[in-house]
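Residue numbers (our numbering): 13 to 629.
Backbone N, C-alpha and C define an ideal beta-carbon position, used for all residues, glycine too.
1) Excluding the 5 residues flanking residue 549 on each side, which residues of the same chain have their C-beta closer than 8 Å to its C-beta?
2) In terms of DSSP beta bridges, what is residue 386 paired with?
3) Going by CA-CA distance only, name the one from 330, 91, 179, 386 that's closest to residue 356.
4) Sorted by chain position, which residues of the same chain lie with C-beta nearer than 6 Å to residue 240's C-beta, five sequence neighbours on each side aside?
5) Can you say whether residue 310 is buried or exposed, counting buried as having 16 or more other CB atoms within 10 angstroms of its CB?
6) As an exercise, report each continuous alpha helix (DSSP H) stretch of at least 4 residues that is fully enclosed by the stretch 250–334, in chain order.
7) May I ask you to report which of helix, strand or coil DSSP gives residue 632?
8) Inspect the CB distances between the stretch 441–450 and the stretch 493–503 and report whether three or more fall short of 8 Å.
9) Taking 6 Å as the limit between beta carbons, can you name the residues of its chain near residue 21, skipping five residues before and five after?
10) How far does the beta strand (DSSP E) with residue 10 in it extend, from its first residue to its last?
11) For the putative contact between residue 162 and residue 484, defined by C-beta atoms under 8 Å, what is the C-beta separation to the nearest angstrom?
12) Please work out which residues of its chain come closer than 8 Å, Cβ to Cβ, to residue 60, disregarding the five sequence neighbours upstream and downstream, and give them in chain order.
13) Quick check on DSSP: helix, strand or coil for residue 396?
14) Would you say residue 430 faces chain C, with C-beta separation under 8 Å as the test?
15) DSSP has residue 62 in a bridge; who is on the other side?
16) CB-CB under 8 Å to residue 491, same chain, minus the five flanking residues each way: which ones, in chain order?
17) Beta-carbon within less than 6 Å of residue 639's beta-carbon, same chain only, minus the 5 sequence neighbours each way: which residues are those?
18) With a threshold of 16 other CB atoms inside 10 Å of the CB of residue 99, please say whether the residue is buried or exposed.
19) Helix, strand or coil, according to DSSP, for residue 485 in the structure here?
20) Determine the burial state of residue 604: buried for a count of at least 16 other Cβ atoms within 10 Å of its Cβ, exposed for fewer.
21) Classify residue 91: buried if its beta carbon has 16 or more other beta carbons within 10 angstroms, exposed otherwise.
22) Can you tell me the Cα-Cα spacing of residue 336 and residue 192, whole angstroms?
23) Just checking my contact of residue 386 with residue 508 at CB under 8 Å: how many whole Å lie between their CB atoms?
24) Decide yes or no for the touch test of the stretch 174–186 against the stretch 124–133: beta carbon pairs closer than 8 Å, at least 3 of them.
25) What is the rounded straight-line gap between the Cα of residue 194 and the Cα of residue 203?
26) Taking one C-beta from the stretch 316–331 and one from the stretch 245–264 each time, how about it: are there three or more such pairs within less than 8 Å?
27) Below 6 Å CB to CB, which residues in the same chain sit around residue 23 once its five sequence neighbours on both sides are set aside?
28) Alpha carbon to alpha carbon, how far is residue 408 from residue 384?
29) Should residue 137 be labelled buried (16 or more other beta-carbon atoms within 10 Å of its own) or exposed?
30) To the nearest angstrom, how far is the alpha carbon of residue 291 from that of residue 297?
31) With DSSP as the reference, label residue 80 as helix, strand or coil.
32) Going by other Cβ atoms of all chains shown within 10 Å of its Cβ, with 16 needed for buried, is residue 103 buried or exposed?
33) Quick one: measure Cβ to Cβ for residue 437 and residue 393, integer angstroms, because I've assumed they're closer than 8 Å.
34) Taking residue 349 as the reference, give the member of 515, 197, 125, 44 with the closest Cα.
35) Report buried or exposed for residue 149, applying the criterion of at least 16 other Cβ atoms within 10 angstroms of its Cβ.
36) Can you tell me whether residue 8 is helix, strand or coil according to DSSP?
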């Protein structure tokens, strides 16, 4: 790479966008008057305005199209073309305008002049699905930049926090083996990531995200309440409309009040004129910090409650979290900081002084260090008898731009009697390749393929192909060698590990395979789980007992000592020796006791022994 070529860290956010770069070991963040660049584009006739100029045209706090102005085209990625100002507009092109504007802004700065900025490490929300990632990559290309690697926003923030420390290695050693939470609350989304530091690896344990409590929602609720109070105090009825653009100005004042009340006790919200009355009355409401907290407190509680749900889901307590790293513009609110302190204690909560730029700066350090993403957890295929075959092993290096990882597997159908081959892709809760037999698995995706229902066990051959592409999306495709038709699935919520410069070699060097199948259990109570009917080898013990008895009754002769589990499966469907109903019939009460069940088993054994003796010479 030439001296003037750098890789940008690029945070294309829902509300604001920002770029950072590391040059000569120095971190540089490109701010517009100490502020990020608004992710807003405005169309008026043939003129396109982007950033702050477009932001000033907004009349509402909501995302999407407002007249000729679009707030966060990021939220529109994946949607069809929209009619804006009488012209069809492609959301990808809208995103391109914002990305190009940020790049041009960077190139015009004193630091940016003379630098070649055509490659980026771009951050994405944890729940961004595959098609939208591909469209975002396309928008970057159209804006003159190529995406070297995508990184989840909270993971980038954590990496930047550690790398920006005066003594990175000591901090990594301090947190080694510890559980860390990144709480990223911005204008559009709230993202949560649980991570663990393992020998210099930042390993994602679990993710969560929502767009229901972004900072823009706060602004909207505050504006509505301020107007309500103003009308009540000044006795202005609902029939009196605001002046043109008055609500836009009120929105800006409310956003300003939200920020100012982070370090002040009171703030006066003032818009003059506001109402279309005879005297063109103004709007003036004095807000205290307590007023702000009462208006938006329910949103804060709703957002913070997601932490507790995430920890509960993963089986952790708040005491298990060594560090809560709070980033994003919303964490500057005292109410948010206080709620985090209540959960974890002040000593374990770190509110980034540069919360608005933490993600872009983390991406810049990732780019500078050439840090590669690795798969944090195995991706496995559930097989018959609750065993699992690794498809992708934890530690696998994730593809960069224009790369992919591909593997193909040949399988057998142990029970085609219902006409379908069932592929269940799962992932262990435990990161790393060393998975214990009793580790819980999280269901990822199911694939169902048509097979010949009349075929004998193991006669139906199935194929499975898995591909991980440059957008960190796993695509799985399955098909039968005997039947026409294919089925596929896409998985976009994988967890990753990011190697810091101090990372020691270990399981990050693992490959695509390298493990025998292990036993375990899928999911938690309430999860939708599909029973697998697949096997990686021909083994009669994998066939359900009732199926084996139907095709080969002699398999269950006593002298052959059939596996206990198969014998019990056979007896489960065998008519009751007493009432002659199927033993799984709810009306059969004969087998409710262990004694009755054992009598049935002994009777069946005597029957089988008698058949054998009669056949003996």
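Short version:
1) 424
2) 409, 509
3) 330
4) none
5) exposed
6) 258–272, 301–326
7) Because the chain spans 13 through 629 in this model, residue 632 falls outside it and cannot be assessed.
8) no
9) 32, 133, 372, 375, 376, 379
10) A question about residue 10 goes unanswered here, because the residues of the chain that appear run from 13 up to 629.
11) 6 Å
12) 53, 54, 109
13) coil
14) Checking the listed chains, one finds no chain C in this structure; it contains a single protein chain.
15) 53
16) 461, 474, 475, 497, 498, 499
17) Any answer about residue 639 is impossible in this case: the structure gives the chain only from 13 up to 629.
18) exposed
19) coil
20) Per-residue confidence for residue 604 stands at a pLDDT of 49, beneath the threshold of 50, marking its modelled position as unreliable; the derived number appears in the next sentence. Under this definition residue 604 is an exposed residue.
21) exposed
22) 6 Å
23) 7 Å
24) no
25) 8 Å
26) no
27) 30, 135, 371, 372
28) 10 Å
29) buried
30) 18 Å
31) coil
32) buried
33) 6 Å
34) 197
35) buried
36) The structure shown does not extend to residue 8, since the chain is modelled only from 13 to 629, so the question has no answer here.
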